[in-house]
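*Asks:* For the sequence shown, UniProt numbering begins at 1 and goes up steadily by one. Ideal Cβ placement from N, Cα and C applies to all residues, glycine included. On a predicted model such as this, the values are computed, not experimentally measured, just so you know.
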Amino acid sequence: MQQEQIEIQIQNRMHELVDKINQLIIGERKRFIQQYGKHESVAYRTVTDKSLTDWRVEQHLTGNMTLGCFYKGSHSKFLVYDIDKQDPSIPLGLIRLLKGYGFQSGDLHLEVSGTKGWHLWIFFNFPLPIDTLAAFGNFVREVLGASAKSIELRPEDPMTSRRHQASVWNSP
Numbered sequence: 001m002q003q004e005q006i007e008i009q010i011q012n013r014m015h016e017l018v019d020k021i022n023q024l025i026i027g028e029r030k031r032f033i034q035q036y037g038k039h040e041s042v043a044y045r046t047v048t049d050k051s052l053t054d055w056r057v058e059q060h061l062t063g064n065m066t067l068g069c070f071y072k073g074s075h076s077k078f079l080v081y082d083i084d085k086q087d088p089s090i091p092l093g094l095i096r097l098l099k100g101y102g103f104q105s106g107d108l109h110l111e112v113s114g115t116k117g118w119h120l121w122i123f124f125n126f127p128l129p130i131d132t133l134a135a136f137g138n139f140v141r142e143v144l145g146a147s148a149k150s151i152e153l154r155p156e157d158p159m160t161s162r163r164h165q166a167s168v169w170n171s172p
């Protein structure tokens, strides 16, 4: 029943959700990443012969395809802590730490990430240099200590990124 209510909310607010994703997340439309397969047989392909359209974003939000987008150059309007462990003390500790650094509850957006864990999103009013975001994200991970081993950052440090500045976001 709860899943059904979420899907109804997504459908009722689809235009608003797509607009917000366009504003806060998508940096480039001429290329994007598409996931094929599921579980152990997952493959990713960078698509350059099609554009990342609003229709594709809608398909992503409804769970019909999994997409990733590229940042705009060397800047991003968001920082995501990708927590790949189901231990709730990790996102709660991260939230507590970020609040200690001055972030308000309304600045921190926690979502379930499939069956693996959580994403904690922070959005900014204007694009910030990715190396600055990554440095801050890594600093926070270091302060967290051992629990940070299960946390990845988006964006990653551009000098060590294995994703070539790509961001994959998951369906709600």
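Are the CB atoms of residue 70 and residue 28 nearer to each other than 8 Å?
*Replies:* Against the sequence shown, residue 70 aligns to sequence position 70. Against the sequence shown, residue 28 aligns to sequence position 28. A contact, by the Cβ cut-off of 8 Å.
*Asks:* Is residue 51 helix, strand or coil when you go by DSSP?
*Replies:* Position 51 of the sequence shown, counted from the start, is the residue given in the question as residue 51. Coil.
*Asks:* Does the count of Cβ pairs from the stretch 71–86 and the stretch 40–53 closer than 8 Å reach three?
*Replies:* no
*Asks:* Three-state secondary structure (DSSP) at residue 139?
*Replies:* To locate residue 139, count along the sequence shown from 1; it is residue 139. DSSP places residue 139 in helix when its eight states are reduced to three.
*Asks:* Let me check understanding here. Comparing Cα to Cα, which of 87, 48, 86 and 20 lies closest to residue 58?
*Replies:* Locating residue 58 in the sequence shown gives position 58, counting from the first residue. Among 87, 48, 86 and 20, the Cα nearest to that of residue 58 is on 20.
*Asks:* For residue 20, which three-state DSSP category applies?
*Replies:* Working through the sequence shown from its first residue, we reach residue 20 at position 20. The answer is helix: DSSP assigns residue 20 an H, G or I state.
*Asks:* Consult DSSP for residue 185 and reduce its assignment to one of helix, strand or coil.
*Replies:* Given that the chain is displayed from residue 1 to residue 172, the structure contains no residue 185 and the question cannot be resolved.
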